[in-house]
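A short write-up of the structure that comes next.
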Amino acid sequence: MNNFLTEHLIHRDEDFMVIHKPAGLLTVPGKTADLQDCLINRLVQAEPKTLLIHRLDRDTSGILVFALSKLGQNRISRQFQERQTSKTYQAIVAGHLHGEGTVDVPVIYDPEHPPLHIAAPEHNKPALTYWKVAEQFEINGSPVTRVILTPITGRSHQLRVHMQYLGHPIIGDTLYASPEQQALSSRLCLHAAQLSFKHPKTEQDVEFICPVPF
Numbered sequence: 000m001n002n003f004l005t006e007h008l009i010h011r012d013e014d015f016m017v018i019h020k021p022a023g024l025l026t027v028p029g030k031t032a033d034l035q036d037c038l039i040n041r042l043v044q045a046e047p048k049t050l051l052i053h054r055l056d057r058d059t060s061g062i063l064v065f066a067l068s069k070l071g072q073n074r075i076s077r078q079f080q081e082r083q084t085s086k087t088y089q090a091i092v093a094g095h096l097h098g099e100g101t102v103d104v105p106v107i108y109d110p111e112h113p114p115l116h117i118a119a120p121e122h123n124k125p126a127l128t129y130w131k132v133a134e135q136f137e138i139n140g141s142p143v144t145r146v147i148l149t150p151i152t153g154r155s156h157q158l159r160v161h162m163q164y165l166g167h168p169i170i171g172d173t174l175y176a177s178p179e180q181q182a183l184s185s186r187l188c189l190h191a192a193q194l195s196f197k198h199p200k201t202e203q204d205v206e207f208i209c210p211v212p213f
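First residue of the sequence shown? That's 0 in numbering that gives the first Met the number 0, and the numbers climb one at a time after it.
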């Protein structure tokens, strides 16, 4: 087992492994030569049986599960497709949010401004996020809020766009936050902290936690 896998492995068995993806690393390779260093390529070097199930944005850190067998890939992938998994994120957003709520607004790709996505209430492809305040505090005198985010759907950039839609972008977000909000953190403060699903063989519920680094 190489150093990268050792440092980032949360769990491993015959059918899947759970990895802590660092911020700033692509899940899969991009189209150009300078975007070939990515999580799955590093994992395949250490474990050639590694198979993709889902992904996180490059700037998001946290839990990702990869299959180590076709059975694992098929059964866990189906749970993601049928929304039978439970995923919880933590984020720090600009401003002070209060209480909890739901954002139920479609998120679509913006072809005029790639790679941006936008909230598009007139579209019929649902995007649903539950949010709940964990704490309010300040960074360099600016009010911020730590929130627990539970995406029910899995649209690209969904959590980032939904927080922007609420008027509270995630700090450090170079796509959806203002320059002042970006400057509050050297990284995107979005982390996949918890993931649960049914084990592909035993069908028992399994849950994994990845400590929040911010």
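Where a beta carbon is used, it is the ideal one built from N, C-alpha and C, also for glycine.
Original post:
Curious, which full-length alpha helix (DSSP H) runs of at least 4 residues does the segment 50-89 contain?
Top reply: Taken in chain order, the unbroken stretches of alpha helix (DSSP H) that lie wholly in the segment 50-89 and span 4 residues or more are 69-80.
Subject >> Span of the beta strand (DSSP E) around GLN157 >> reply: Taking the first residue of the sequence shown as 1, we reach residue 157 at position 158. Note, GLN157: premise wrong, no beta strand (DSSP E); alpha helix (DSSP H) at 157-164.
Subject >> Extent of the continuous alpha helix (DSSP H) run through GLU6 >> reply: By 1-based counting over the sequence shown, the position of residue 6 is 7. Under the DSSP assignment, GLU6 falls in the alpha helix (DSSP H) whose first and last residues are 2-7.
**OP:** In the DSSP assignment, find the alpha helix (DSSP H) that holds LEU42 and state where it starts and stops.
**Re:** Position 43 of the sequence shown holds residue 42. Counting along the chain, the alpha helix (DSSP H) containing LEU42 begins and ends at 38-45.
**OP:** Have a look at ARG154, LEU174, PRO28, ALA45 and flag the residue whose alpha-carbon is nearest the alpha-carbon of PRO105.
**Re:** For the purposes of this step, residue 105 is taken as the residue at position 106 of the sequence shown. For PRO105, the closest alpha carbon among the candidates ARG154, LEU174, PRO28, ALA45 is that of ARG154.
Original post:
In terms of residue numbering, what span does the alpha helix (DSSP H) encompassing GLU111 cover?
Top reply: By one-based count along the sequence shown, residue 111 stands at place 112. GLU111 -> no alpha helix (DSSP H), and no H or E assigned at all.
Original post:
Per DSSP, PRO150 forms a beta bridge with which residues?
Top reply: The sequence position of residue 150 within the sequence shown is 151, counting from 1. DSSP lists THR128 as partners of PRO150.
Original post:
What residue does the alpha helix (DSSP H) around GLN35 start on, and which one ends it?
Top reply: Taking the first residue of the sequence shown as 1, we reach residue 35 at position 36. From DSSP, GLN35 is part of no alpha helix (DSSP H); its letter is neither H nor E.
Original post:
When you compare each of THR5, ASP12, HIS7 to THR201 by their alpha carbons, which one comes out closest?
Top reply: Locating residue 201 in the sequence shown gives position 202, counting from the first residue. Of the listed residues, the one whose Cα sits closest to THR201 is ASP12.
Subject >> Burial state of SER237 (16 or more Cβ within 10 Å) >> reply: Because the chain spans 0 through 213 in this model, residue 237 falls outside it and cannot be assessed.
**OP:** Determine the closest residue to GLY71 out of MET16, PHE136, PRO21, with distance taken between C-alpha atoms.
**Re:** Position 72 of the sequence shown holds residue 71. Ranking MET16, PHE136, PRO21 by CA distance to the CA of GLY71 puts MET16 first.
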